[in-house]
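Student: Please read through the structure below; I'll follow up with questions.
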Amino acid sequence: MKKLSLLILSLATMLTFVGCVDVDEYDDSPKGNFEALWHIIDEHYCFLDYKADVYGLDWNEVYERYSKQMNSNMTESQEFEVLTKMLSELRDGHVNLYSSFDNGRYWSWFESYPANVSDTLLRKYLGTDYKITNGMKYRILNDNIGYIRYESFENDLGSGNLDNILAYLAPCNGLIIDIRGNGGGLLSSAEKFAARFINTQTMMGYIQHKTGKGHNDFSEMKEQKLKPSSGIRWQKSVAVLTNRKVFSAANEFVKYMKQTPNAMIIGDKTGGGAGMPYSSELPGGWSVRFSACPMYDKDKNITEFGIDPDYNVQLSDSDLQNGIDTIIEFAREKLKQ
Amino acid sequence: MKIFNRKTWLATAVMVWLITSNATAQEYSDTIRDGKTYTNATMVGVGGANILDTYLSQEKYRGLSYEMVYHRTIDRADSRWSKQIIHSTALFITQNRANTGNEWELMYNYQHAWLYNWDFLDGRLNIKAGGAIDADGGYLQNDRNSNNPLSVKAHVSIMPKAIATYKFKCGSHPAAVRYEIGVPLVGTMFSLNYGQSYYELGKDDYDRNLVLTHFINAPSLKQMLTLDYTTKKTTLRIGYLGYIRQSDVNNIKCHNYNHSLVIGIVKRFNILKIRP
Numbered sequence: 016m017k018k019l020s021l022l023i024l025s026l027a028t029m030l031t032f033v034g035c036v037d038v039d040e041y042d043d044s045p046k047g048n049f050e051a052l053w054h055i056i057d058e059h060y061c062f063l064d065y066k067a068d069v070y071g072l073d074w075n076e077v078y079e080r081y082s083k084q085m086n087s088n089m090t091e092s093q094e095f096e097v098l099t100k101m102l103s104e105l106r107d108g109h110v111n112l113y114s115s116f117d118n119g120r121y122w123s124w125f126e127s128y129p130a131n132v133s134d135t136l137l138r139k140y141l142g143t144d145y146k147i148t149n150g151m152k153y154r155i156l157n158d159n160i161g162y163i164r165y166e167s168f169e170n171d172l173g174s175g176n177l178d179n180i181l182a183y184l185a186p187c188n189g190l191i192i193d194i195r196g197n198g199g200g201l202l203s204s205a206e207k208f209a210a211r212f213i214n215t216q217t218m219m220g221y222i223q224h225k226t227g228k229g230h231n232d233f234s235e236m237k238e239q240k241l242k243p244s245s246g247i248r249w250q251k252s253v254a255v256l257t258n259r260k261v262f263s264a265a266n267e268f269v270k271y272m273k274q275t276p277n278a279m280i281i282g283d284k285t286g287g288g289a290g291m292p293y294s295s296e297l298p299g300g301w302s303v304r305f306s307a308c309p310m311y312d313k314d315k316n317i318t319e320f321g322i323d324p325d326y327n328v329q330l331s332d333s334d335l336q337n338g339i340d341t342i343i344e345f346a347r348e349k350l351k352q
Numbered sequence: 264m265k266i267f268n269r270k271t272w273l274a275t276a277v278m279v280w281l282i283t284s285n286a287t288a289q290e291y292s293d294t295i296r297d298g299k300t301y302t303n304a305t306m307v308g309v310g311g312a313n314i315l316d317t318y319l320s321q322e323k324y325r326g327l328s329y330e331m332v333y334h335r336t337i338d339r340a341d342s343r344w345s346k347q348i349i350h351s352t353a354l355f356i357t358q359n360r361a362n363t364g365n366e367w368e369l370m371y372n373y374q375h376a377w378l379y380n381w382d383f384l385d386g387r388l389n390i391k392a393g394g395a396i397d398a399d400g401g402y403l404q405n406d407r408n409s410n411n412p413l414s415v416k417a418h419v420s421i422m423p424k425a426i427a428t429y430k431f432k433c434g435s436h437p438a439a440v441r442y443e444i445g446v447p448l449v450g451t452m453f454s455l456n457y458g459q460s461y462y463e464l465g466k467d468d469y470d471r472n473l474v475l476t477h478f479i480n481a482p483s484l485k486q487m488l489t490l491d492y493t494t495k496k497t498t499l500r501i502g503y504l505g506y507i508r509q510s511d512v513n514n515i516k517c518h519n520y521n522h523s524l525v526i527g528i529v530k531r532f533n534i535l536k537i538r539p
């Protein structure tokens with residue numbers, strides 16, 4: 016029986032080690048949703064300190080200002096409106112609140128600026144006999160300049176697609192990659208495409224991630240290195256056309272192309288979006304998206320608010336009326352030089 | 264001319280002895296008992312689960328679990344040590360409290376234990392205690408998340424373990440109540456860092472992704488309470504299975520509380536090897 020008592024004692028000791036790993040859930044109420052949302056951003060959003068420096072964002076002051084607006088008598092739509100407004104303080108296109116009736120968003124990063132792109136003009140330049148594969152429309156313009164229209168990085172770019180496109184455009188004297196309006200997508204697609212324009216491994220920038228809840232808890236910056244593609248690589252001049260709607264993975268593509276030897280960026284400043292977005296959710300079931308992993312250019316500058324072009328060119332009203340795309344024409348001239 | 268010389272006589276005698284001795288062995292024992300008793304239990308279970316993984320969400324997900332568990336215990340007649348091997352697979356299908364999001368988890372567990380035996384109460388109470396290597400692997404997926412859609416789970420640990428079995432008669436039928444418990448003591452687990460992305464991990468950005476675990480940062484528990492009831496030649500098992508998996512590493516909190524009802528069949532047998 017002595018042995019039995021010893022075994023029972025050992026068992027009881029084992030059980031005392033098992034504590035709880037848990038978190039407190041906020042109430043499913045307007046106040047609870049507000050608290051949950053404010054804390055998700057406070058603990059996970061990656062640009063709080065950066066935005067405090069750039070335009071004086073004070074996330075604690077935001078809490079004070081918006082918590083007063085929350086009360087239990089609010090309708091769902093009023094609650095959604097206040098929470099979306101609070102998120103707009105972050106001035107980030109990667110921050111969204113998703114409900115079953117609306118997507119809360121901050122789109123001033125492109126809505127407050129000229130579009131610098133026209134569907135009518137693009138239709139004129141592309142014509143009707145252009146080729147199209149994996150989301151890329153392409154053709155050879157009449158002055159032997161290759162033209163690729165690429166509106167989204169959502170598709171996973173295949174190396175076979177890129178080989179075929181670049182082989183078709185190989186006789187051209189230069190290449191235009193028109194990504195105006197491209198809101199991003201897969202970072203891997205941006206990398207695969209940019210890898211067609213380098214011949215050696217190239218350092219493109221840096222990335223890091225949060226390691227804790229503190230606003231300044233970050234890992235070390237890790238270099239983003241890009242290896243040249245083993246497929247067909249473009250060796251002539253290339254012009255990348257941009258506007259304010261170039262965002263996220265497309266913004267990264269512009270960052271990469273800035274490091275390639277034969278590329279120039281023409282058009283308007285990009286929209287930015289340099290934080291890889293993560294998701295979380297509120298007690299009421301609404302989903303929230305926010306920037307989590309900051310990305311930097313090769314000089315360790317955050318590209319969250321966009322990348323300046325090499326040549327800032329705007330679409331002029333007179334050209335628009337005459338059926339001329341000022342930015343494409345500027346690129347064609349530069350590629351001929 | 265001599266037909267049989269001395270050497271020939273000797274060789275013949277040896278051959279006759281070999282043949283007759285072999286025939287004698289075949290006649291008296293053509294089977295070999297390896298002295299091991301195998302107890303196999305195959306069980307299926309269904310229960311409730313409560314899942315938290317703050318890499319995916321601050322919200323707890325609740326729902327159902329479905330398990331399949333295979334136990335093999337090997338007892339030796341010539342030793343007080345037993346061996347136990349467990350394979351189990353579990354599927355968890357859970358929802359958030361607003362029913363707007365789903366998380367589902369698929370987990371495989373392997374356990375290899377070495378246990379020492381004590382018998383009490385004239386052999387009616389058997390207690391096994393020892394250690395096990397316990398390995399979990401799988402993933403938890405959130406169906407709404409963007410660049411943090413899933414959490415990969417991999418954990419290997421050394422686990423002190425104990426099993427108590429009390430045999431009794433229920434009418435004329437043999438029955439047994441059995442309780443089994445294991446608590447992972449020390450091990451290592453894979454975990455992303457707090458805000459690390461799989462994109463970065465794919466670029467060989469290692470950031471404390473293999474973490475030392477112990478009973479303070481990963482307090483977990485696996486237990487099972489069952490009743491075995493033998494009717495004619497079949498032993499049925501019914502009982503409770505509880506898994507408490509928890510971790511608080513790299514500032515990510517996780518738990519999976521799983522309580523299930525299990526039912527299965529137990530087979531106890533010896534293996535006989537037959538000589539050709």
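Protein chains in written order, with the numbering used here: chain P, 16 to 352; chain E, 264 to 539. Note that beta-carbon positions come from the ideal geometry of N, C-alpha and C, so glycine has one too.
(1) Use the C-beta contact count for residue 309 of chain E: other C-beta atoms within 10 angstroms, 16 or more gives buried, fewer gives exposed.
(2) When you compare only the Cα positions, how much space is there between residue 571 of chain E and residue 85 of chain P?
(3) Quick one: grab the DSSP three-state call for residue 290 of chain E.
(4) Which residue from P:164, P:307 and P:224 puts its Cα closest to that of residue 256 of chain P?
(5) Where does residue 428 of chain E fall in DSSP's three states?
(6) So, with DSSP's three-state summary, where would you put residue 244 of chain P?
(7) Taking the CB atoms as reference points, tell me whether residue 109 of chain P and residue 306 of chain P lie closer together than 9 Å.
(8) Between the C-alpha atoms of residue 159 of chain P and residue 189 of chain P, what's the straight-line distance to the nearest angstrom?
(9) Please say whether residue 149 of chain P and residue 176 of chain P have beta carbons closer to each other than 9 Å?
(10) Taking all protein chains shown into account, do 16 or more other C-beta atoms lie within 10 angstroms of the C-beta of residue 283 of chain P, making it buried, or fewer, making it exposed?
(11) Under three-state DSSP, which class holds residue 267 of chain P?
(12) Per DSSP, residue 437 of chain E is paired with what?
(13) Mind listing which residues of the region 211-233 of chain P have their C-beta closer than 9 Å to chain E's C-betas, in chain order?
(14) Taking the alpha-carbon positions, what's the residue 390 of chain E to residue 343 of chain E distance?
(15) Name the chain E residues that come within less than 7 Å of residue 38 of chain P, Cβ to Cβ?
(16) Start and end of the alpha helix (DSSP H) containing residue 129 of chain P?
(17) Taking DSSP as the reference, what is the three-state secondary structure of residue 367 of chain E?
(18) Check residue 328 of chain P in the structure and name its three-state DSSP category.
(19) According to DSSP, which residues form a beta bridge with residue 423 of chain E?
(20) Helix, strand or coil for residue 52 of chain P per DSSP?
(21) Under the assumption that residue 294 of chain E contacts residue 536 of chain E (Cβ atoms under 8 Å), give the Cβ distance between them as a whole number of angstroms.
(22) For my contact list, residue 258 of chain P and residue 132 of chain P are in at a C-beta cut-off of 8 Å; report their separation, rounded to the angstrom.
(23) Just the chain E side, please: which residues come within less than 7 Å of residue 295 of chain P by C-beta, in chain order?
(24) CB-CB under 6 Å to residue 200 of chain P, same chain, minus the five flanking residues each way: which ones, in chain order?
(25) How far does the alpha helix (DSSP H) with residue 74 of chain P in it reach, from first residue to last?
(26) Am I right that residue 522 of chain E and residue 311 of chain E are in contact with their C-beta atoms under 8 Å? What's the rounded C-beta distance?
(27) With a 10 Å radius around its C-beta and 16 neighbouring C-beta atoms as the bar for buried, classify residue 76 of chain P as buried or exposed.
(28) Can you name, in chain order, every residue of its own chain whose Cβ lies under 6 Å from the Cβ of residue 285 of chain P, other than the five neighbours on each side?
(29) Who are the near neighbours of residue 441 of chain E in its chain, counting only those whose CB is closer than 6 Å to its CB and skipping five residues on each side?
(30) What three-state label does DSSP hand residue 161 of chain P in the structure shown?
(31) Below 8 Å, how does it come out for the region 290-303 of chain P and the region 361-378 of chain E: are there three or more Cβ pairs, yes or no?
(32) Within the 9 Å Cβ cut-off, does residue 203 of chain P reach chain E?
(33) Is it the case that the Cβ atoms of residue 326 of chain P and residue 460 of chain E are separated by a distance below 9 Å?
(34) Grouping DSSP H, G and I as helix and E and B as strand, with all else coil, what is residue 204 of chain P?
(35) Sort P:114, P:215 and P:295 by Cα distance to residue 322 of chain E and report the nearest one.
(36) Where does residue 448 of chain E fall in DSSP's three states?
Tutor: Straight from the coordinates:
(1) Per the 10 Å Cβ criterion, exposed.
(2) Residue 571 of chain E is absent from the structure shown; chain E starts at 264 and stops at 539.
(3) Because residue 290 of chain E carries a pLDDT of 46, less than 50, the predicted location of this residue cannot be relied on, and the following value inherits that uncertainty. Helix.
(4) The residue from P:164, P:307 and P:224 with its alpha-carbon nearest to that of residue 256 of chain P is P:164.
(5) Strand, per DSSP.
(6) Residue state for residue 244 of chain P is assigned as coil, using DSSP reduced to three classes.
(7) The answer is yes: Cβ separation under 9 Å.
(8) Pairing residue 159 of chain P with residue 189 of chain P, the inter-Cα distance amounts to about 8 Å.
(9) In contact: residue 176 of chain P and residue 149 of chain P (Cβ atoms closer than 9 Å).
(10) Buried is the call here.
(11) In this structure, residue 267 of chain P counts as helix in the three-state DSSP scheme.
(12) Here residue 437 of chain E is bridged, per DSSP, to E:432.
(13) Going along the region 211-233 of chain P in chain order, one finds 222, 223, 224, 225, 226, 227, 228, 232 and 233 with a Cβ nearer than 9 Å to chain E.
(14) Distance between the alpha carbons of residue 390 of chain E and residue 343 of chain E is about 11 Å.
(15) Ordered by position in chain E, the residues that pass the 7 Å Cβ test against residue 38 of chain P are 315, 317, 321 and 516.
(16) No alpha helix (DSSP H) holds residue 129 of chain P; DSSP gives it neither H nor E.
(17) The answer is strand: DSSP assigns residue 367 of chain E an E or B state.
(18) In the three-state reduction of the DSSP assignment, residue 328 of chain P falls in the coil class.
(19) Its beta-bridge partners are E:394.
(20) Under the three-state reduction of DSSP, residue 52 of chain P is assigned to helix.
(21) With 8 Å as the limit, residue 294 of chain E and residue 536 of chain E qualify as a contact, their Cβ atoms being about 7 Å apart.
(22) The Cβ separation is near 6 Å, so the contact holds.
(23) Below the 7 Å Cβ cutoff, chain E contributes 320 and 321 as neighbours of residue 295 of chain P, in chain order.
(24) Result list for residue 200 of chain P: 167, 168, 169 and 264, in chain order.
(25) Where residue 74 of chain P is concerned, the enclosing alpha helix (DSSP H) stretches over 74-82.
(26) Indeed, because the Cβ distance is near 6 Å, the residues count as touching under 8 Å.
(27) Classification of residue 76 of chain P: exposed, given that the 10 Å Cβ count is below 16.
(28) The beta carbon of residue 285 of chain P is closer than 6 Å to those of 257, 261, 266, 269, 321 and 322 in its chain, skipping five residues each way along the sequence.
(29) The beta carbon of residue 441 of chain E sits closer than 6 Å to the beta carbons of 428 and 489 from its chain, once the five residues preceding and following it are set aside; these are given in chain order.
(30) Three-state DSSP puts residue 161 of chain P in a strand.
(31) They touch, by the three-pair rule.
(32) Closer than 9 Å to some Cβ of chain E, the Cβ of residue 203 of chain P qualifies, so yes.
(33) No, these two residues do not count as a Cβ contact at 9 Å.
(34) Note: residue 204 of chain P maps to helix in three-state DSSP.
(35) The alpha carbon of residue 322 of chain E has as its nearest neighbour, out of P:114, P:215 and P:295, the alpha carbon of P:295.
(36) Residue 448 of chain E falls in the coil class under three-state DSSP.
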